[in-house]
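Chemist: This is the structure I want to talk about, given as structure tokens.
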Amino acid sequence: MFNNFPLWPERASSLAPGVDALYIFLVILSGFMSVLIFAFVLFFAAKYRRRPGVLAEQIEGSNALELTWSIIPMFVFLAIFVWGAALYYKMRTPPRDATEVYVVAKQWMWKFEHAEGQREINELHVPVGQNVKMIMTSQDVIHSFFVPAFRVKQDVLPGRYTITWFKATKPGTYHLFCAEYCGSQHSGMIGWIDVMEPAQYQAWLSGGTAIPAAQAGQQLFASLGCVTCHRADTQGRGPNLVGVAGKPVLLEDGRTVTADDEYIRESILNPGAKIVAGFKPIMPTFQGMVTEEQLNELVAYVKSLNQTPLNQIPKPTSVTQNNSAPSGAPQMQVQ
Ligand SMILES: [Cu+2]
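Following this line, the structure appears as structure tokens:
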């Protein structure tokens, strides 16, 4: 019935029904209150209209009435708060088993790199039913990653990571928008999320010879000289990075922070910001020496050290930076 007049974009992610339910609840509640208030206004306007010979009398307040209209709304607002907070928390917390996609936004395109190494521009292939975590940054100005069908919107900022996640529930092609005015061709900064059946997705993934992000990161780790300080033993001048990612790190100033994506990123760009306890601030900054993509690969590599010990990561056979395209997925390299 509403096919040509959709009130909502398609619901294609696990988060969509929850977001819509809260939204519908708020609309109905606001509508109900507006109707109620207008009804009372009209009713009282008629009831207490001016009539010849009738004088207005002073009506004192009523405690019962005041308490009722304070306490009932309080519980309604608290319910909205708890509901909204629970939903927000869920949206902000990527499940642990999520696969990771690195996103670099720039004027005016979206660049994606899968953990498996596939690179895409303005198009992202994901399997249905899989949690996908987006680790996003911008090369220039503020952008915003917005997929209405997933009910996902997250600002993408230069100089840091922002995170979002989704689990697509329906195969299909969904619009991706930039939702932050970012310059003259902002309106053209659009793309597609292709949600595929898992088998189809596996076929798509294996259609190329991409170097996994972590492996590309390992090459950089060697070529940039990180490996001279960060060794797989305890003899290096920097900390052994095996098992660091995701764990608490004790800092020289006594604080403890979690080594999340943002921490690892900051350690590379601004090593002096957080000094690991027991180490000297001798690590040079790599600001300006690595692209956003290379930074993502380094972060992916440091995280991969949790799964495989440093010396057991298979050595890449070729040291090419250009990945060839999987069939059906044109790939471009843009800096
Ligand atoms: Cu933009």
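Going by this note's numbering, 17 is the number at position 26 of the sequence shown; the sequence numbering is gapless.
Virtual Cβ for every residue (Gly too), placed ideally from N, Cα, C.
Please state whether DSSP places A213 in a helix, a strand or coil.
Modeler: Helix at A213.
Chemist: With ligand 1 as the reference, list in chain order each residue whose Cβ lies under 5 Å from any of its heavy atoms.
Modeler: Listed by chain position, these are H134, C169, C173, M180.
Chemist: Over what stretch of residues does the beta strand (DSSP E) that includes R110 continue unbroken?
Modeler: It spans 110 to 112 - the beta strand (DSSP E) in which R110 sits, taken as one unbroken run.
Chemist: On the DSSP bridge assignment, give the partners of K144 in chain order.
Modeler: Bridge partners of K144: F137.
Chemist: In this structure, how does DSSP classify P0 when only helix, strand and coil are distinguished?
Modeler: In this structure, P0 counts as coil in the three-state DSSP scheme.
Chemist: Give a yes or no on contact between the region 123 to 136 and the region 192 to 209, applying the rule of three or more CB pairs nearer than 8 Å.
Modeler: Taking 8 Å as the limit for Cβ pairs, the verdict is that the region 192 to 209 does not touch the region 123 to 136.
Chemist: With C-beta atoms as the reference, is V147 less than 7 Å away from A96?
Modeler: Yes, the pair counts as a contact, with Cβ atoms nearer than the cut-off.
Chemist: Using 7 Å as the threshold, is the C-beta distance between A201 and Y165 below it?
Modeler: Against a cut-off of 7 Å, the Cβ pair of Y165 and A201 comes out as no contact.
Chemist: Does the region 179 to 198 come within contact of the region 258 to 270, defined as at least 3 CB pairs closer than 8 Å?
Modeler: Judged by Cβ distances under 8 Å, the region 179 to 198 makes no contact with the region 258 to 270, as fewer than three pairs qualify.
Chemist: Measuring CB to CB, does A205 end up less than 7 Å from Y292?
Modeler: Yes.
Chemist: For the alpha helix (DSSP H) that T59 lies in, which residues bound it at each end?
Modeler: It spans 54 to 83 - the alpha helix (DSSP H) in which T59 sits, taken as one unbroken run.
Chemist: Could you compute how far the alpha carbon of N261 sits from the alpha carbon of K102?
Modeler: About 24 Å.
Chemist: For a test of the three-state rule: what should DSSP assign to E104, helix, strand or coil?
Modeler: Strand.
Chemist: For W60, does the count of other Cβ atoms within 10 angstroms reach 16, so buried, or fall short, so exposed?
Modeler: Its Cβ having fewer than 16 others within 10 Å, W60 is exposed.
Chemist: Distance, Cα to Cα, M24 vs P86?
Modeler: When rounded, the distance between both Cα atoms is 38 Å.
Chemist: Assign E91 to one of two classes, buried (16 or more other C-beta atoms within 10 Å of its C-beta) or exposed (fewer than that).
Modeler: It counts as buried.
Chemist: In the DSSP assignment, the alpha helix (DSSP H) including L27 goes from what residue to what residue?
Modeler: Segment 7 to 38, the alpha helix (DSSP H) holding L27.
Chemist: How many angstroms separate the CA atom of K161 from the CA atom of V119?
Modeler: About 6 Å.
Chemist: What does the Cβ neighbour count give for L167, buried or exposed, with the cut at 16 atoms within 10 Å?
Modeler: Label assigned to L167: buried.
Chemist: In whole angstroms, give me the CA-to-CA distance for G234 and D251.
Modeler: In a straight line, the C-alpha of G234 is about 12 Å away from that of D251.
Chemist: From the DSSP output, read off the bridge partner residues of K161.
Modeler: K161 is not bridged to any residue.
Chemist: Nearest CA to the CA of N231: which residue from A47, K294, S4, F16?
Modeler: Of the listed residues, the one whose Cα sits closest to N231 is K294.
Chemist: Let me know the secondary structure DSSP gives P189 once reduced to three states.
Modeler: Reduced to three states, the DSSP call for P189 is helix.
Chemist: With a Cβ-Cβ cutoff of 7 Å, do V94 and M125 count as a contact?
Modeler: Result yes, Cβ atoms of V94 and M125 sit closer than 7 Å.
Chemist: Tell whether a beta-carbon distance below 7 Å holds between L13 and L78.
Modeler: Yes; because the gap between Cβ atoms is below 7 Å, this pair is in contact.
Chemist: Give the DSSP-derived three-state secondary structure of H116 in the structure shown.
Modeler: It is a strand residue.
Chemist: Leaving aside the five residues before and after T276 along the sequence, list all residues of the same chain whose C-beta is less than 7 Å from its C-beta, in chain order.
Modeler: Contacts found: L260, N261, P262.
Chemist: If you draw a straight line from the C-alpha of D11 to the C-alpha of E1, how long is it?
Modeler: Near 11 Å, if we compare the C-alpha coordinates of E1 and D11.
Chemist: Could you check what DSSP says for P262 in three-state terms: helix, strand or coil?
Modeler: In the structure shown, P262 sits in a helix (DSSP, three-state: H, G or I).
Chemist: Kindly give me the distance between the Cβ atoms of R228 and A7, rounded to whole angstroms, as I take these residues to be in contact under 8 Å.
Modeler: With 8 Å as the limit, R228 and A7 do not qualify as a contact, their Cβ atoms being about 50 Å apart.
Chemist: Using a 10 Å radius around the Cβ and a threshold of 16 neighbouring Cβ atoms, would you call T155 buried or exposed?
Modeler: By the neighbour-count rule (16 or more Cβ atoms within 10 Å), T155 is buried.
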